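**Q**
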Amino acid sequence: MAKVMKPGEANGGNFVQCKGCKKTLFASEFKDNLFVCNYCGHHHRLTWRQRVECTFDEGSFKPLDTELVSVDSLQFPEYAEKHTASVEKLDQNDSVVGGIAQLDGIDVSTAISDFTFMGGSMGSVAGEIITRALERGAEQKMPVIIFCASGGARMQEGLLSLMQMAKTTAGVHKCREVGVPFIAVFTDPTMAGVLASYASIADVIIAEPRCLIGFAGARVSKQAQVVKAPDDFQTAEFVFRSGMLDRIVERREMRGMLTSLVSMFGAHLREGTNG
Amino acid sequence: MANSWKEWERPLLDLEDGVLKLKHLAARELDPAKKAALEKRIEDFEERIRSFIEVKYSRLGPWEEVLLARAEPRPYTLDYINQILPDFRELDGDRRFGADHAIVAGPARFDGQPVMVVGHQKGRDIKERAYRNFAMAKPEGYRKAIRMFEMAERFRMPVITFVDTPAADPGVESESRGISEAIAASMLSMFELTVPVVSIIIGEGGSGGAIGIAIGNKVLMMEHAVYSVIPPEGCAAILWRDPGKKAQAAAALKLTSASALEFNLVDEVIKEPFGGAHRNAVEAGESIQAAISKYMGELQKMSPSELKEQRYQRFRALGIFETE
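From first to last, the protein sequence lines stand for chains A and B.
Mapped onto this note's numbering, the consecutive letters of the first sequence carry residue numbers -15 to 259.
Mapped onto this note's numbering, the consecutive letters of the second sequence carry residue numbers 750 to 1073.
(1) Would you check if there are 3 or more beta carbon pairs closer than 8 angstroms linking the stretch 42 to 55 of chain A to the stretch 106 to 125 of chain A?
(2) Under 9 angstroms between the Cβ atoms of valine 975 (chain B) and leucine 1004 (chain B)?
(3) Measuring straight from C-alpha to C-alpha, what distance separates valine 921 (chain B) and serine 753 (chain B)?
(4) Counting only beta-carbon separations shorter than 9 angstroms, does tyrosine 976 (chain B) have a partner in chain A?
(5) On the DSSP letters alone, give me the boundaries of the alpha helix (DSSP H) that leucine 118 (chain A) sits inside.
(6) Around the C-beta of tyrosine 825 (chain B), are 16 or more other C-beta atoms found within 10 angstroms, so that it is buried, or is it exposed?
(7) Pick out whichever of A:Glu37, A:Thr152, A:Ser70 and A:Met228 has its Cα sitting closest to the Cα of methionine 936 (chain B).
(8) Go ahead and pull the three-state DSSP assignment for lysine 805 (chain B).
(9) Per the DSSP calculation, cysteine 132 (chain A) is bridged to which residue(s)?
(10) One question on the structure: do glycine 155 (chain A) and alanine 117 (chain A) come within less than 9 angstroms of each other, judged by their Cβ atoms?
(11) If contact is defined by three or more beta carbon pairs under 8 angstroms, each pair taking one atom from either stretch, is the stretch 982 to 998 of chain B in contact with the stretch 958 to 966 of chain B?
(12) With a CB to CB cut of under 7 angstroms and the five nearest residues on each side skipped, what residues in its chain are close to glycine 842 (chain B)?
(13) Residues in the stretch 221 to 253 of chain A with C-beta within 7 angstroms of chain B's C-beta atoms, listed in sequence order?
(14) Determine the direct distance from the alpha carbon of aspartate 41 (chain A) to that of tryptophan 32 (chain A), and round the result to whole angstroms.
(15) Using a C-beta cutoff of 9 angstroms, does valine 109 (chain A) count as contacting chain B?
(16) Excluding the 5 residues flanking phenylalanine 131 (chain A) on each side, which residues of the same chain have their C-beta closer than 7 angstroms to its C-beta?
(17) Step through the CB atoms of chain A and report whether any lies within less than 9 angstroms of the CB of glycine 920 (chain B).
(18) Assign phenylalanine 10 (chain A) to one of three DSSP states: helix, strand, or coil.
(19) Please tell me whether leucine 48 (chain A) and glycine 83 (chain A) are closer than 9 angstroms, where the distance is taken between their beta carbons.
(20) Does glutamine 76 (chain A) get closer than 9 angstroms to chain B when you measure Cβ to Cβ?
(21) Kindly say whether serine 93 (chain A), judged by its beta-carbon, lies nearer than 9 angstroms to any beta-carbon of chain B.
(22) Where does aspartate 766 (chain B) sit, in a helix, a strand or coil, going by DSSP?
(23) So who's on the other strand from arginine 239 (chain A), going by DSSP bridges?
(24) Provide the residue(s) that pair with proline 856 (chain B) in DSSP beta bridges, ordered along the chain.
(25) Using alpha carbons as the reference points, say which of B:Asp918, B:Ile949, B:Ala785 and B:Val866 lies closest to alanine 879 (chain B).
(26) Tell me whether glutamate 875 (chain B) is buried or exposed, calling it buried when 16 or more other Cβ atoms sit within 10 Å of its Cβ.
(27) Does the separation of the CB atoms of phenylalanine 692 (chain B) and isoleucine 949 (chain B) fall below 9 angstroms?
(28) Could you check whether lysine 46 (chain A) and histidine 26 (chain A) sit closer than 9 angstroms to each other, using their CB atoms as the reference points?
(29) Assign histidine 157 (chain A) to buried or exposed, taking buried as 16 or more other Cβ atoms, counted over all protein chains shown, within 10 Å of its Cβ.
(30) Among the residues of its own chain, which have a CB less than 8 angstroms from the CB of glutamate 982 (chain B), if the five just before and after it don't count?
(31) Any Cβ of chain B within less than 9 angstroms of the Cβ of asparagine -5 (chain A)?
(32) Going by other Cβ atoms of all chains shown within 10 Å of its Cβ, with 16 needed for buried, is valine 1018 (chain B) buried or exposed?
(33) Secondary structure at proline -9 (chain A), three-state DSSP: helix, strand or coil?
(34) Would aspartate 793 (chain B) be called buried (16 or more neighbouring beta carbons within 10 Å of its own) or exposed?
(35) For a contact meaning CB atoms closer than 8 angstroms, what does methionine 936 (chain B) contact in chain A?
(36) DSSP three-state call for glycine 1068 (chain B): helix, strand or coil?
Next up, the structure:
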């Protein structure tokens, strides 16, 4: 049976199977529905290109920092091979793509992480692109929106990856100093080193329904304590109840939500310019 | 391959134990000839210990460094505080939810000057380990740390942090109270400081739990400490689906102090006494004191805004990549 449609594959099969309820969907309808199942509401993971299409003004996204290339500085087993395979398969340099885009004509600085590239893991390149997106927002007085989809820090870059947690946090610090709003969108999954750094200290945090959000792997968490984990442990709904995020927003509402937020929280930045 | 520090140092510990017993016998021996013979044997044993340490410590691999960093008799945060930070007054509570004993914090004096101290604290016996939660701090611990950093800023006190944790607490309760946010917010509050900050990795620098309080203007590391993005056991489980390959993972992760220095991720490695900090805690404490003294001296020449900017630039620069 056909799996979830990948970009450019629509011509092949006319049908797609939902990863949630396993029902068969029309490929064209599925795409029009922003890759959300119209039976069960399962939000399928998006590549960064699909995310751009689903979110920003048409044709407004301009990728930046695409010249950054990862280095296997630890000579970590199998890292170079895995990384090269992802680069070739996905035609992108690393797990995060940064750039500028518009929402109803408002300029925003953005970075989008793509889980299909080595689990969206954050190494030196991803950390640099995220930090630059935050700094670009701070310098050019643009709101920053970052889409998270990551298993955490990239262990193949060792301690250098851990340092990306500090570096990206420093980027958030820059935005706060100059009053630039930073919005994080948690998508499936947002975990570990990414969650425990820049993502959790955004001014506003929005999550897609039922996405996985957590610090430790669910197995580790459940082993670690006698306290029973609720059935929806480490889902957006659990994290929302815990008071750790602002809103759970369905994909078709996401663009409107983000546009309103950047329009209001970023109004003071645009005064006297184009606002 | 040894699984614990005790196993790895077993023959050495047996020798040291033997010396203690011989010394005890010699002290009670009245016959001068027998006493001299015992003393000769003691000297002999001590020589064997010295050469054993020399050989063993010259062949330390990454996995053995992990074992040493985790060794129970290693000096912990409070040991160093008691030695080099007089008048420490432990303060507690996050004013939100609870008290966390995996992190100790409070004002003390360093070289006579008031400073704020924050550090992870391990326990030595079963009871204390449970009380300290194995130095795995919960959100409350990091929120207490934030309170201390904010007081240090208000009252213009330099900050010293000691890092020694296997990881932040990964439990269900910690997740529901926002352990990730607490770690990130703690890092953020350290970036906001305009007072000098020196962080020292004294034992285990375990991923997010460690870096949460390690945003120093200067970051120092003890010779036999480790600093890693993931524990070697976890790395082996993910990579090779076999936690038993922890020694290979330790090697791949480059988690030793020498590697951290090579990649410029720490500013200085503090040399440990012969045979490790656990063989001479006082000497180790003196080395830490000298290092803090040196860097505090440098940092106190900088203005508040320079201190904040230097810290930002220090971490901003970390990462290795190329441009096409």
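Ideal Cβ positions, reconstructed from N, Cα and C, are used throughout, including at glycine.
Keep in mind it's a predicted model, so treat the numbers as computed, not measured.
**A** Let's see:
(1) yes
(2) yes
(3) 28 angstroms
(4) yes
(5) 108 to 124
(6) buried
(7) A:Thr152
(8) helix
(9) A:Phe170
(10) yes
(11) no
(12) Ala848 and Lys893
(13) Ser226 and Met228
(14) 15 angstroms
(15) yes
(16) Arg35, Ile96, Ser97, Val169 and Thr171
(17) yes
(18) strand
(19) yes
(20) no
(21) no
(22) helix
(23) Per DSSP, none; premise fails for arginine 239 (chain A).
(24) B:Met865
(25) B:Asp918
(26) Glutamate is not the amino acid found at residue 875 (chain B); the sequence shown has isoleucine there. Burial call: exposed.
(27) Absent from the structure is residue 692 (chain B), since the part of chain B shown begins at 750 and ends at 1073.
(28) no
(29) buried
(30) Pro992, Lys995 and Ala998
(31) With a pLDDT of only 46 at asparagine -5 (chain A), under 50, the local geometry of the prediction cannot be trusted, and the value read off the model is given with reservation. No, asparagine -5 (chain A) lies away from the interface with chain B (no Cβ there is under 9 angstroms from its Cβ).
(32) buried
(33) Only weak support exists for where proline -9 (chain A) lies, its pLDDT of 44 falling under 50; the value from the coordinates is given anyway. Coil.
(34) exposed
(35) Met149, Ala150, Thr153 and Ser181
(36) coil
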